[in-house]
Every structure is written in structure tokens, then in C-alpha cells.
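Residue numbers (this note's numbering): 337 to 715.
Each residue gets a CB set at the ideal place from its N, CA and C atoms; glycine is no exception.
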């Protein structure tokens, strides 16, 4: 029942006791399905829910490892919201869907936790960096915005501190932009720095100048130094998706190396962590979308053909989701290593080594990854 509810059981189930009891049962019975588990450390990367499933299979999920009374009370507290449990009449396919859905939720939770910590760190650093640079035209108003009456219904106005003010802009105004990750809002400063405030992100566009011809990098694109493009997405991989208005208002969309495009001076030191932050936000949103698809598959009962097509699409998206998370984690590790190397090479670092966390990494550079995530490995 708690699996159906998605309850956090960490308060009533000791993960250490569950792992120890499960290893004891595996050692005693040696089931063929678990022949690859040859050491207790192999269980360290297992989700708690999977270990509990196997304990149930061994008929060993007793009160030695689980506080049954508290489990019952948790159910009573959520009585009105109780859905049908997954184990009643669940087919093998539904059982597999349950496990896959659990992985998606785990990725979403891990990405959200990492996103939360990095957001706080970056927000503080950005506020300090912004004061060091003068007004810079890295954006333009795509349409006029005059206040609350122009905020679309789907935009959450509570996502920002409106008390700091909304900025009135006219179409074509040049702006200094700082998007707020995870919201539909962008902090804008008018030309000359005289006025500033929030503007709905869809009403402004980040712009960049081409600094070097793409042909120097072997790209056959008709773009030349000094041309302005709209930035649709700066990706943590080092590539940027751009849009250029060509003859006759025809739009051309290209991927370009970020190194040949201009950017706000304040983004120099913070660009890499910000791009990782953007990637994590997109990942968390994709995971939420996938969860909705799972709900549709389980409750709407689509036709046979549609159901098969939907399942195939879901499986591909789940694999892509986990692969993307692994890539982001690898980039975070790399950035931490680069920062560690830069500190070690600095004159002050040669006198005193940077403090390290117990795992050997520089402290406060990196949110610990979930135990089951191994950057670079296949799913």
C-alpha cells in the first residue's frame, strides 16, 4: 500500500537493517535471480523499495526491520487518498511499469535536490557578480509589457517577489537580462540602468553577437562577425541553439559553439554552473511530464495499439532521462575537479591546501549523488 502511495518510509524502516537482513537471506538461500549479489556492498546501490520487495519474497519482512504499528498509522493518516495498491492483480507488465516509474521519481527527486542547492549557491554568487559590471545589452523586448494585466494566466506571478517591481518595456527595447531558473520570469534592466524589474520571460529574448565566423570551425553557415542572433538555449555541452531572422522574415535556427558568441561579462565565472542548473531544471520538468504519462497509461486505459505505442515511447524517454542525468552529474564532477585544480595551482593554495570533505572532494562544491547513480555507466 505504501508503494502505491509513494510514502517516504525512511522514518519507520532502517535501510541498514533491511540491507543486513536481506544479505543474510541471500547468503542462506542463494536464489538464482540474485547470483550476481556476492557482497553486502552490492546492496548499497539498491533502492529501499527493491530491498523490501525481496524481503517480502523471502518472507522476512518482519518487525525486526519494520515498525508495523507506524506503517499502519501512516496508512490511517492518508486513508482518504489511498489508491488501489499495485500488488492487487498486477500483471508482470504492470509490475515492470511500477519499477520504471519508481526510477523516474528517483531521478526527479535527485535532480530537484541538486537543483535546489545549486540554485541557492548561484543566486548568492550572481548578486555579487552583478554589482561588478555595468549595464550590458544582452537582450531585447519581443513585445510590450506594462504590468500585471499583461501577465498570461499560465504564468505564476507568485514565483518572484513582485514587491521588487515589474518593469514596463516597449517592443524593441534593449535590455540587460538575468533569467530566474525554474520560473517564467526574467530580471531586466533598461538601457542606461535607470529602471529595473521583472518581465515575463516569453516577452523578452536573449541576444548575442557572432564573434568569429563559423567557417573557421568547419561549419557551413552564413553567419559573420557582428551579426546578432536570438539565443534560444545555451546548453551545458558547450553548444548554443540560436535563431536568426533572414530575408523576408524567414527564421533560421542553428546550433553554434558557445565560444564564438558574445555573453554578458557577469556570466564569465558563473556560466558553467548556470548552464548545469538550466539542464537540471529541464530534467526535473521532463521527469514530471513522464510521471503524468505513466498516470495516463495506468488510468485512462488506451486502446491496444495506442497503449503499445505509448509504452514504447515511455521506455525510450526514461532511458534518455537517466542518460541525461548521468551526463549532468559527470559535468558537475568535472567542474568540481577543474575548480579543485585551479585552487591547487593558485599561489595561496600552494601555501595551504583547500579543505576537503570526507570523500576527498573539495567541500561545498558538489551535492552528493544518489548511491545508485554512476556517471558514465550505461543504464
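- Rounded to whole angstroms, the separation of the alpha carbons of residue 672 and residue 359 is 35 Å.
- For residue 471, the three-state secondary structure derived from DSSP is coil.
- Boundaries of the alpha helix (DSSP H) harbouring residue 365: 351 to 365, taken from the DSSP string.
- Linking residue 371 to residue 549 through their CA atoms gives a straight-line distance of about 57 Å.
- Sequence-distant partners of residue 598 (beyond 5 residues in either direction) whose C-beta falls short of 7 Å from its own C-beta, in its chain, are 544, 545, 547.
- Between residue 524 and residue 475 the beta-carbon gap is near 7 Å, inside 8 Å, which marks them as a contact.
- Taking every protein chain shown into account, the CB of residue 412 has fewer than 16 other CB atoms within 10 angstroms, so this residue is exposed.
- Residue 437 counts as buried, since no fewer than 16 other beta carbons sit within 10 angstroms of its beta carbon.
- Take residue 613, set aside five residues on each side of it, and the residues of its chain with a beta-carbon closer than 7 Å to its own are 451, 454, 455, 458, 517, in chain order.
- The Cβ-Cβ distance between residue 477 and residue 539 falls below 8 Å.
- Contact annotation: the stretch 379 to 387 touches the stretch 346 to 355, with at least three C-beta pairs closer than 8 Å.
- Secondary structure note for residue 413: its alpha helix (DSSP H) is the uninterrupted segment 404 to 413.
- Distance from the CA of residue 566 to the CA of residue 559, rounded to the nearest whole angstrom, comes to 13 Å.
- The shortest CA-to-CA distance from residue 605 to any of 675, 623, 534, 622 is the one to 675.
- Residue environment analysis places residue 408 among the exposed positions, since fewer than 16 neighbouring C-beta atoms fall within 10 angstroms of its C-beta.
- Judged by DSSP in its simplified three-state form, residue 593 adopts strand.
- Per DSSP, the beta bridge partners of residue 512 are 525.
- Excluding residues up to 5 positions away in sequence, 492, 495, 496, 537 lie with their Cβ nearer than 8 Å to the Cβ of residue 519 in the same chain.
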